[in-house]
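> Protein chains in written order, with the working numbering: chain A, 2 to 311; chain B, 0 to 311; chain C, 2 to 481.
Cβ coordinates follow ideal geometry from the N, Cα and C atoms, glycine included.
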Amino acid sequence: MNIFSRYRILLPIASLALLMAVTFYVQPRTLSYFGLNLLFNLAVPIALATVAQMLIIMVNDIDLGIGAFVSLTACVTATFLEHSTATGTAIMVALIAAYALMGAMIHVLALPAIVVTLGMSFVWGGLALFLLPSPGGASPPWLREIMTVKPPLIPMALVAACLIAGVTHWLIARSGIGTVLRGMGGNADAVRRAGWPLVRLKALAYGLAGLFGVLAGMALVGLTTSADANIALRYTLLSIAGVILGGGEFIGGKVSPVGAVIGALTLALAASFLSFMRLSPDWQIGAQGAILIAVLAARLLFNRRDGARR
Amino acid sequence: MQNVLQRPWIWAWLAAVVTFAATVVLSSGRGAGGLAYAALSFGAFAAIVGVGQMLVISLGPGNVDLSIPATMTLSATLALKAMDGAPGTVLLGLGVALLVGLGTGAANFALILLLRLPPIVATLAASLVYQSLAIWSNRGLRVKPPEALADFATGRTLGIPNVALVGLLLSLLVWIALERGVWGRWLLAAGQNPRAARLAGVPVERVRATAYVTVSVFATVAGFLLASFSGGAALNMGTEYLLMSIAVVIIGGTSIAGGFSNVPGIWGAAFFMFLVVSMLNTYGAGAGARSVLTGVIIIGIVIAASARRNPA
Amino acid sequence: MPKRDASDNSPLVALTDVAKRFGAVAALNDVNLEIHAGECLGLVGHNGAGKSTLVSVINGALPASSGRVEFPASATNDALAAGVRSVFQELSLCPNLSLAENLRIAHADLRGWGWRRRAGVEIGQSLDALFPGHGIAVDAQVETLSIAQRQMVEIAIRFAPLGGTPKLLILDEPTSSLDAGISSQLLDAITRFCDQGGAIIFISHMLGEIFRVANRILVMKDGHIVADEAARHFTRQGLVDVMGHVATEPETSQEQIHRELGETVIAQDGLEARRGEIVGLSGLAGHGQAEALAKLYLDATSTWRNIGSPRMVFIAGDRKRDGVLPLWSILNNMSLSLLAATARWGLVDHKSERRTGDEWKRRIGIRTETLSNPILSLSGGNQQKALFARALASRAPLVIMDDPMRGVDVGTKQDVYALVRAEAAKGRTFLWYSTETEEMCQCDRVFVYRNGLISAELSGDELTEARVLEASFEMQEPVA
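#1: Please state if the CB of I47 of chain A and the CB of A269 of chain A are separated by a distance shorter than 7 angstroms.
#2: Can you name, in chain order, every residue of its own chain whose Cβ lies under 6 angstroms from the Cβ of G222 of chain B, other than the five neighbours on each side?
#3: Between A:L39, A:A206, A:F70, which has its C-alpha nearest L130 of chain A's C-alpha?
#4: Using a 10 Å radius around the Cβ and a threshold of 16 neighbouring Cβ atoms, would you call R354 of chain C buried or exposed?
#5: What are the residues of the segment 107-130 of chain A that lie near chain B, defined by any Cβ-Cβ distance shorter than 9 angstroms?
#6: From this set, C:L98, C:D31, C:V88, which residue's C-alpha is nearest G68 of chain C's C-alpha?
#7: Would you identify the three-state DSSP class for N103 of chain C, choosing helix, strand or coil?
#8: Provide the residue span of the beta strand (DSSP E) that contains F132 of chain C, from first to last.
#9: So if I threshold CB-CB distances at 8 angstroms, which residues from the segment 316-350 of chain C count as touching chain B?
#10: So, is N150 of chain C buried or exposed, given that buried needs 16 or more other C-beta atoms within 10 angstroms?
#11: Report buried or exposed for P198 of chain A, applying the criterion of at least 16 other Cβ atoms within 10 angstroms of its Cβ.
#12: Taking only three categories from DSSP, how would you classify P46 of chain A?
#13: Flag this pair as touching only if the segment 87-99 of chain B and the segment 33-43 of chain B have three or more C-beta atom pairs under 8 angstroms; answer yes or no.
#14: Using three-state DSSP, classify R453 of chain C as helix, strand or coil.
#15: In this structure, what does DSSP give as the bridge partners for H225 of chain C?
#16: According to DSSP, simplified to helix, strand and coil, what is I308 of chain C?
#17: Determine, using beta carbons only, whether V107 of chain C comes closer than 7 angstroms to chain A.
#18: Spatial neighbours of Q383 of chain C within its chain, please: C-beta separation below 8 angstroms, excluding the five flanking residues on both sides.
#19: On a Cα-Cα basis, can you pick out the residue from A:A242, A:L266, A:L212, A:V222 that is closest to S140 of chain A?
#20: Below 9 angstroms between beta carbons is the criterion; list the residues of the segment 283-304 of chain C that meet it against any residue of chain B, in chain order.
#21: Taking 7 angstroms as the cut-off, decide whether the C-beta atoms of G138 of chain A and A79 of chain A are in contact.
#22: Can you list, in chain order, the residues of its chain with a C-beta nearer than 7 angstroms to that of A89 of chain C? Leave out the 5 residues immediately preceding and following it.
#23: If I measure Cβ to Cβ from F151 of chain B and keep anything under 6 angstroms in the same chain, skipping five residues before and after, which residues do I get?
#24: Since G400 of chain C sits in a beta bridge, which residues does DSSP pair it with?
#25: In chain C, which residues lie with their C-beta within 9 angstroms of the C-beta of K203 of chain A?
#26: Quick one: is N307 of chain C near chain B, going by C-beta distance under 7 angstroms?
#27: Since W171 of chain A meets chain C, which of its residues come closer than 9 angstroms, beta carbon to beta carbon?
#28: Give the single residue among B:G154, B:I67, B:L93, B:L148 whose Cα lies nearest to the Cα of T122 of chain B.
#29: For P162 of chain C, would you say it is in contact with chain B, using Cβ-to-Cβ distances shorter than 7 angstroms as the test?
#30: By the DSSP assignment, the beta strand (DSSP E) with T213 of chain B in it spans what residues?
#31: Is the segment 35-50 of chain C close to the segment 213-229 of chain C, with three or more CB pairs under 8 angstroms?
#32: If P13 of chain A sits next to T237 of chain A, beta carbons under 8 angstroms apart, how far is it from one beta carbon to the other, in whole angstroms?
#33: Does the structure place the segment 143-161 of chain C close enough to the segment 11-23 of chain C that three or more beta carbon pairs sit under 8 angstroms?
#34: Can you tell me which of the three DSSP states M476 of chain C falls into?
#35: For S87 of chain C, which of helix, strand or coil comes out of DSSP?
#36: In angstroms, rounded to a whole number, what distance separates the CA positions of N334 of chain C and L379 of chain C?
Have a look at this one:
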């Protein structure tokens, strides 16, 4: 078995490393504290959103509304949370509960997640528009401080990425409950027959996704210091791409939390990298798509060659 | 009468009529004609992409085309550039647009088939590439459509907007293909049960390929017309049509499980979506309320459809 | 002699007058059964005898339609709590998880710090006890294991304590994916388990295995228990005889049409058929027949091209999975394979469709007011008739049938048999996989499958139910 198909995480790591190497070559000044922070700054909220999407994909569903949800939580952060921590927190908790409820409903009524999350994206978007019909709001000072902290040696963005990867890896890949959730994605019937309550598990997965969506919105406002209703709409497609880039698959419960974070970093880096290449910004989006296709083609190639040998 | 009430598209149309009436009532009966005209114009674009998306969704769960907005933008940009506002180039522009549709559709399906990507990922990745192509070819200047084309796109024949006529024509073609055509039967068979269809001799892959190419072609036609209608191709012209294309398919009564499609419902849903926006505007409700209401409607319809399919 | 605690002799499970009906079909009837600790019960029977239904009722997967299922030795009505565990052929493993993680799913109480290590120890110990020298790492992902290894893991999980004690283990063809050496290890483990006071229900088509481990044998036929005695009372041949139909129902009068058999039209992987011949595929269910037929059909047809007049057609037996298009009318279901051949300008020829539909409704006898009714409004048998019509109307010279008469009523069957014979007389070739041995006796030639390969080719005088049964089971006579 070749090394890339045995350790699925290697391909995303290799892709990221390759991209970083090329970036440093083209623009040596990025190989510095300040440069790295700039490169990966906006990756933190994207990574959090990607983890949220990963949690949904882990249970064989997909979330088309995560972008709108993050935009909403960003708006809540920039308004309520900034004014009053108590009210803001209460709203966030309610939003997380709403996500959990959505998951339970999808399971009990056997609804297609793609359409339900699509519908909810309109709801989240509308609520965001209520809060901030035009860009505005402000970041709570404590949040701003967290997001702009300058730890020695390694920039905040990378520290945060490692933290997110570490926590979610422990939560999903190592802990008991995370294992059961992944099992649900692999063989829900077997999990049910073993006596586990599937509805509660699904609600848990969705609730956790909601939690990460809330964190993503907060991180985003901490960085940009203001918000608007459309600020994170592109996160939907980006988060899906990030999960897949990180070695995840749509069905089978095969996701990698570390891979998802790496995938998000890769996509964020690709955007920055291209502007250094003096590639016109025209091609930045397209290059993200091309990278996604290239990595997936490579994965198929490695799996196929491996399958033929076996 | 009972037969009519059981048709799945009736609810979208009823909703559209009710919304229309509510709006007209509020403005004391003025502007009913103008409202109807606007509904036909704006609804046409949603309906054209909706009909294409419907074909793909009918292929069964997991099949959806997320590259519609990017395809619209790309075709509009390239077509307008080729025509460059000059007279007599309309057919050239249309040809360019259709070629773009064939190309993007084939590229999407190639990604699905050769790279074995799920359609969501394939069309998503492709859309990023198409969007970049559009951005690159749209350098700066906003090219205007030729006058004749702009007149056509904004004009009317027999009181009906021309774009609506184009949309109706395309819908009619699809309707005939689905109701009467062999290809349509094959599509619906593959959507209900791909394995059973295959075992019955249906060329499943060929049918899928045609569906994906068709939705791209329809998207390019919509983009071509929309750009001519609005006086130019803006880079974000397609953004709202992604969710809109899926929404009108669902609200119009097509089953997300595949195998059942519904052309009249698409039009009812397209009108309904436009009229809801208008009505809320007339009532003074903001963009937020419109959005929330749209979402609630979509979810309500999905729950109702699921309850009808699985009576507990 | 089995060691048993003589003081407590209540049965682990007791079934009293249990019956299980699915609609009008009685899968189990009149079942009275007690299983005590230390018993290793071999359960044998032909297709449709009721073995799977019986064990599903015992382990609680299906509720009995009437009668009582009790667990007197434990103070509970729940099979799982009473220590009943099952290993079926569809595995209960999550392929994306490791062995230890899969054990965690099965053992809900294993939580807290270091659960992974404890789970690994538990599954490791179980594997070591059952299959010494297995060589499987406890943190290996199930997906990376071979089928045999997955089977070993599944068995090991059920034998593991899991926070309790397994009392009654149900094993359904557990050695089907295992090689001889590993199978032997399993059989030894089973014997040890019973010696130590456990009980086993062991379903297998390998008679040698049954005789090696079982101390009691249960024979089922048509939903009844027809024999229940100590293993030493049986011989292999005796078992086979009890399983078959000694006295058959009155022979369906077959018209003695002398059919001219033409040249060979199919010769692939040992399977052969001549034009106008009815060739049967028999043997126990799941031994490669359906796969052979599906492979034949899929290799010969394409997902890209559709030739107007196909060379072969396929009639599905699992109509929900492979045949019926549930949203459509009866007519549309019937005409699907015909559309391309009769189309004009790519449009469906509705008149021709109606004509063909009416003709076949008459010929095959579909009971409905109108063919425009939805297909799901038909009874199972009539749905199957519609699928037959779909295939036969297409004029293809070769017809492949994947156990199409499963669960269909007797009247429908007789109609269809007559139709098949009539079509064969006109020169159509049939490849017919069936799980009912009487149907096989209608064929000109029968290939019996066992473990994925053809074990016998029978025709003429040799084509009897007894010979088919013999070839279906692995006799495993002891070497002298």
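With the given structure in hand:
#1: yes
#2: M71, S74, A75
#3: A:F70
#4: The question names Arg, but residue 354 of chain C in the sequence shown is Glu. Classification of E354 of chain C: buried, given that the 10 Å Cβ count is 16 or more.
#5: L110, A111, L112, P113, I115, V116, V117, L119, G120, M121, S122, F123, V124, W125, G126, G127, L128, A129, L130
#6: C:D31
#7: helix
#8: Element bounds for F132 of chain C: n/a, residue is neither H nor E.
#9: A317, R322, D323, G324, V325, L326, P327, L328, W329, N333, L337, S338, L340, A341, A344, G347, L348, V349
#10: A small correction: the amino acid at residue 150 of chain C is Gln; Asn does not occupy that position in the sequence shown. Result: buried.
#11: exposed
#12: helix
#13: no
#14: Reading off the sequence, residue 453 of chain C comes out as Gly, not Arg. Looking at G453 of chain C - three-state DSSP - the assignment turns out to be coil, as it is neither helix nor strand.
#15: C:K222
#16: coil
#17: One point to set straight first is that residue 107 of chain C is Ala, not Val, in the sequence displayed. Answer yes: the Cβ-Cβ gap between A107 of chain C and chain A drops below 7 angstroms somewhere.
#18: Residue identity check: residue 383 of chain C is Asn in the sequence provided, not Gln. Within the same chain, N383 of chain C has close Cβ partners I367, R368, T369, T413.
#19: A:V222
#20: A295, Y298, L299, T302, S303, T304
#21: yes
#22: The identity of residue 89 of chain C in the sequence shown is Phe, whereas the question assumes Ala. Cβ within range, chain order: D173.
#23: N161
#24: The amino acid at residue 400 of chain C is misidentified as Gly; the sequence shows Val. According to DSSP, which records beta bridges pairwise, V400 of chain C is partnered with C:V314, C:F431.
#25: Result: empty, since nearest Cβ-Cβ is about 16 angstroms, beyond 9 angstroms.
#26: yes
#27: By Cβ distance, chain C contributes nothing, its closest Cβ being about 12 angstroms from W171 of chain A, past 9 angstroms.
#28: B:I67
#29: no
#30: Premise fails: T213 of chain B lies in the alpha helix (DSSP H), 203-229, not in any beta strand (DSSP E).
#31: yes
#32: Not confirmed; about 20 angstroms, so no contact.
#33: no
#34: coil
#35: strand
#36: 12 angstroms
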